[in-house]
Amino acid sequence: MNGRTGSFFGTVLGRVTMYRLVTLSLGTLAIYAFVLSLFGQVFYKPLELLATLATLLVVGYLTNRLFGALFQVQPHSESSVITSLLLFFILWPTSEPTALAWIALAATVASASKYVLAIRGRHVLNPAAIAALVMSVLASYVTLPGVSPSVWWVANPWLLPGVVILGGLVLIRTKRLTMALVFIVLSWALVTVRLVTGGQELGPALLAPLTSYPILFLAAFMLTEPLTLPPRRWQQLAEAAIVAALFSIPFTLGQVASTPELALIVGNVLAFIVARRRGMRLTLEGTRALTPTAVEYQFSSKRSIPFAAGQYLELSLPHRGADVRGSRRVFSISSPPDDDRTIRVAMRVPERASSFKRALNALPVGASLSATGVWGDFVLPKDTSKPILLLAAGIGITPFVSQLSRLHLRADQRDVVLVYVVSDPQELAYAAELETWGTPVLVVGPTDDVRLPDGWRGLGPGRLDHERLAEAVPDLAEREVFISGPPAMIEALKPALRGIGVGHVRTDAFSGY
1 MNGRTGSFFG
11 TVLGRVTMYR
21 LVTLSLGTLA
31 IYAFVLSLFG
41 QVFYKPLELL
51 ATLATLLVVG
61 YLTNRLFGAL
71 FQVQPHSESS
81 VITSLLLFFI
91 LWPTSEPTAL
101 AWIALAATVA
111 SASKYVLAIR
121 GRHVLNPAAI
131 AALVMSVLAS
141 YVTLPGVSPS
151 VWWVANPWLL
161 PGVVILGGLV
171 LIRTKRLTMA
181 LVFIVLSWAL
191 VTVRLVTGGQ
201 ELGPALLAPL
211 TSYPILFLAA
221 FMLTEPLTLP
231 PRRWQQLAEA
241 AIVAALFSIP
251 FTLGQVASTP
261 ELALIVGNVL
271 AFIVARRRGM
281 RLTLEGTRAL
291 TPTAVEYQFS
301 SKRSIPFAAG
311 QYLELSLPHR
321 GADVRGSRRV
331 FSISSPPDDD
341 RTIRVAMRVP
351 ERASSFKRAL
361 NALPVGASLS
371 ATGVWGDFVL
381 PKDTSKPILL
391 LAAGIGITPF
401 VSQLSRLHLR
411 ADQRDVVLVY
421 VVSDPQELAY
431 AAELETWGTP
441 VLVVGPTDDV
451 RLPDGWRGLG
461 PGRLDHERLA
471 EAVPDLAERE
481 VFISGPPAMI
491 EALKPALRGI
501 GVGHVRTDAF
511 SGY
């Protein structure tokens with residue numbers, strides 16, 4: 001992907017929330033399936049597709065509201081739509097009233113799992129997968145009219161282009177492409193070997209895993225669901241490999257044969273064990289203005305919250321009038337991990353802020369909210385001899401503040417240079433702290449009439465590219481580079497830096513949230 005294309009995807013997709021993009025992608029795929037059905041390219045009739053989808057959407061929405069009221073949790077309507085659309089492509093489409101009743105039960109099970117099988121405000125298992133598994137178990141153990149196991153009819157050659165394009169957009173937006181590729185390549189290889197050893201010719205065996213198995217759909221829309229992932233990247237890749245093996249190699253548990261949903265659920269359980277999720281209740285201790293447009297929030301916790309400098313956490317703040325972005329947001333932690341009962345985060349508060357930002361900004365001191373987990377691999381290398389370049393744009397400075405603060409507290413004399421991109425000198429957040437820590441800072445922005453602290457240097461305004469960066473930091477190729485800021489900047493700089501010999505580039509995209 002070249003810089004211009006990367007900037008386009010980063011800018012456009014970054015404006016769309018993850019939930020909205022998944023909803024639009026699955027909805028578009030459903031419309032495409034209806035069109036294919038009209039032309040006979042899908043086994044199921046349009047009426048069967050329509051009846052099944054309508055049942056799932058209506059029952060899913062209503063039961064989600066019902067369980068939300070019972071558990072006194074504000075339901076997320078868009079989440080129920082996504083779950084219903086996933087089940088639409090997994091369960092057997094039908095227009096028979098008895099079978100539709102079982103479809104309605106599956107939608108109810110999926111909604112219930114978000115509340116009953118939830119720890120610390122997060123569901124443990126993929127709701128669509130657990131509902132599909134319940135249907136498969138019922139079909140295996142109960143002889144009742146209308147009940148059918150999961151069929152994953154989305155594995156259709158005609159639907160494949162839509163899955164590839166729409167699923168690819170979701171993976172780019174969620175930054176889970178590598179994890180998906182691990183699952184796809186390993187599953188494709190294992191299924192191909194199994195088919196060839198079973199007597200199928202090599203050509204058809206190579207094609208069948210992609211056209212007759214839901215490998216791509218599972219990878220793009222279900223395996224990489226952020227709510228059920230472990231916190232570290234290597235753990236996510238390990239989960240992808242385990243689920244791929246379970247997906248590709250047949251096994252049975254009693255009368256229940258291995259299915260894609262069972263493989264995914266096993267992966268969800270392993271991810272939950274690795275994550276060691278604990279209840280995190282935070283109390284707002286105070287706020288301070290960092291810049292004219294950025295605010296820092298300080299929270300305290302009665303229990304320690306282990307995290308590494310550079311990681312992020314998700315805050316949950318149910319509020320009235322929540323917009324389409326929902327009631328959860330992720331924020332990089334700006335405080336050092338040495339005091340793990342104090343958590344500080346920062347955010348920009350534009351004039352037209354989201355409902356979540358308005359609700360957080362309106363919280364009084366002493367109010368509490370919950371954090372649902374800590375994630376991320378945006379951490380400094382353990383090798384202290386490796387020189388480092390930190391490149392921040394705007395509020396992207398926050399993970400670096402945690403890292404630099406920790407280095408200062410531990411008197412870690414690493415060779416660190418910070419490049420800080422701002423549109424206005426007044427937007428230099430944490431300038432006083434950076435000066436105290438003695439961090440060398442190169443400021444990209446209008447600084448002609450501004451007195452910079454000792455050790456700081458203004459590079460002037462204008463677009464920052466790899467050539468300008470290499471001129472400002474002569475030993476750039478020898479440094480490990482960390483970039484935190486808008487996706488467009490990251491996707492333009494990352495390949496260019498690697499092209500001039502920078503070996504390690506780690507990124508933390510502050511996309512639309």
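Residue numbers for the sequence shown follow the UniProt record's numbering, so the first one is 1 and each next one is one higher.
Don't be surprised by glycine CBs; every beta carbon is placed ideally from N, CA and C.
Residue i versus residue j: straight-line alpha-carbon distance, rounded
{"i": "Gly376", "j": "Gln235", "result": "11 Å"}
{"i": "Met18", "j": "Leu159", "result": "22 Å"}
{"i": "Ile490", "j": "Arg232", "result": "20 Å"}
{"i": "Leu85", "j": "Gly167", "result": "14 Å"}
{"i": "Leu363", "j": "Thr283", "result": "10 Å"}
{"i": "Ala112", "j": "Leu313", "result": "26 Å"}
{"i": "Ser354", "j": "Ala346", "result": "15 Å"}
{"i": "Ala309", "j": "Ala51", "result": "50 Å"}
{"i": "residue 538", "j": "Ser335", "result": "What is shown of the chain runs 1 to 513, which leaves residue 538 out entirely."}
{"i": "Pro260", "j": "Pro425", "result": "53 Å"}
{"i": "Gly458", "j": "Ser301", "result": "39 Å"}
{"i": "Ala488", "j": "Gln298", "result": "29 Å"}
{"i": "Ala180", "j": "Gly162", "result": "17 Å"}
{"i": "Met1", "j": "Lys175", "result": "Note that Met1 scores a pLDDT of 40, beneath 50, so its modelled location is shaky; the value from the coordinates is reported in the next line. Going from the Cα of Met1 to the Cα of Lys175 covers about 14 Å."}
{"i": "Ala429", "j": "Arg352", "result": "21 Å"}
{"i": "Asn64", "j": "Gly198", "result": "44 Å"}
{"i": "Gly3", "j": "Val473", "result": "Legend: pLDDT at Gly3 = 39, less than 50; position of this residue unreliable, value from coordinates given subsequently. Cα to Cα, Gly3 sits roughly 21 Å from Val473."}
{"i": "Asp338", "j": "Arg344", "result": "13 Å"}
{"i": "Val365", "j": "Thr287", "result": "8 Å"}
{"i": "Leu290", "j": "Leu360", "result": "16 Å"}
{"i": "Ala257", "j": "Ile333", "result": "44 Å"}
{"i": "Asn268", "j": "Glu296", "result": "34 Å"}
Own chain partners of residue i with C-beta closer than 8 Å, once the 5 adjacent residues on each side are dropped
{"i": "Gly499", "result": "His466"}
{"i": "Ala241", "result": "Val182, Phe183 and Leu186"}
{"i": "residue 530", "result": "There is no way to answer for residue 530, as the model of the chain reaches only from 1 to 513."}
{"i": "Ala220", "result": "Val163, Leu166, Gly167, Gly168, Val170, Leu171 and Ala180"}
{"i": "Ile265", "result": "Leu125, Asn126, Ala129, Ile130 and Leu133"}
Contacts around residue i, its chain only, beta-carbon distance under 6 Å, and the 5 residues preceding and following it disregarded
{"i": "Thr5", "result": "In this predicted model, Thr5 has a pLDDT of only 41, less than 50, meaning its place in the structure is not dependable; the value taken from the coordinates is given anyway. So the list is empty, once near-sequence residues are dropped."}
{"i": "Val419", "result": "Leu391 and Leu442"}
{"i": "Val330", "result": "Tyr312 and Glu314"}
{"i": "Ala263", "result": "Val243, Leu246 and Phe247"}
{"i": "Pro157", "result": "Thr211"}
{"i": "Leu26", "result": "Leu85"}
{"i": "His504", "result": "Glu480"}
{"i": "Leu47", "result": "Ser95"}
{"i": "Leu404", "result": "Trp437 and Thr439"}
{"i": "Val379", "result": "Ala308 and Gly310"}
{"i": "Phe400", "result": "Leu390 and Ala392"}
Cβ separation of residue i and residue j, assumed to be a contact under 8 Å, to the nearest whole Å
{"i": "Val502", "j": "Ala477", "result": "6 Å"}
{"i": "Ser304", "j": "Asp340", "result": "4 Å"}
{"i": "Val481", "j": "Leu389", "result": "5 Å"}
{"i": "Ala155", "j": "Val134", "result": "Ala155 to Val134, Cβ: 21 Å. No contact."}
{"i": "Pro226", "j": "Ala271", "result": "About 11 Å; that fails the 8 Å criterion."}
{"i": "Val124", "j": "Ala132", "result": "So it is not a contact: roughly 16 Å between Cβ atoms."}
{"i": "Ser316", "j": "Thr372", "result": "5 Å"}
Beta-carbon gap between residue i and residue j smaller than 9 Å
{"i": "Ala294", "j": "Glu433", "result": "no"}
{"i": "Leu409", "j": "Val416", "result": "no"}
{"i": "Thr83", "j": "Pro145", "result": "no"}
{"i": "Val73", "j": "Pro318", "result": "yes"}
{"i": "residue 599", "j": "Ile103", "result": "For the chain, the structure presents residues 1 to 513; residue 599 sits outside this window and is missing."}
{"i": "Trp153", "j": "Pro93", "result": "yes"}
{"i": "Phe356", "j": "Arg328", "result": "yes"}
{"i": "Val42", "j": "Ile90", "result": "no"}
{"i": "Ala393", "j": "Val349", "result": "no"}
Cβ-heavy atom distance, residue i to the ligand SAH, below 8 Å
{"i": "Gly458", "result": "For the ligand SAH, the structure offers nothing, since it holds no ligand at all."}
Residues of its chain near residue i, where Cβ-Cβ distance is below 7 Å and the 5 sequence neighbours each way are ignored
{"i": "Trp188", "result": "Pro209, Leu210 and Ile215"}
{"i": "Leu177", "result": "Leu171"}
{"i": "Ser7", "result": "Bear in mind that the predicted position of Ser7 carries a pLDDT of just 45, short of 50, making it unreliable; the figure below should be weighed with that in mind. Closer than 7 Å at Cβ, skipping near neighbours: Ala488, Glu491 and Ala492."}
{"i": "Thr98", "result": "Pro145 and Gly146"}
{"i": "Ala470", "result": "Leu476 and Ile500"}
{"i": "Thr384", "result": "Asp412 and Arg414"}
{"i": "Phe34", "result": "Pro46 and Leu49"}
{"i": "Ala101", "result": "Gly146"}
For the structure I just gave you, are there three or more beta carbon pairs, one from the region 136-146 and one from the region 189-196, closer than 8 Å? Remark: fewer than three beta-carbon pairs, one from each stretch, lie closer than 8 Å, so the region 136-146 and the region 189-196 are not flagged as touching.
Could you check whether the region 21-40 touches the region 55-71, counting it as contact only if at least three pairs of C-beta atoms, one from each stretch, sit closer than 8 Å? no
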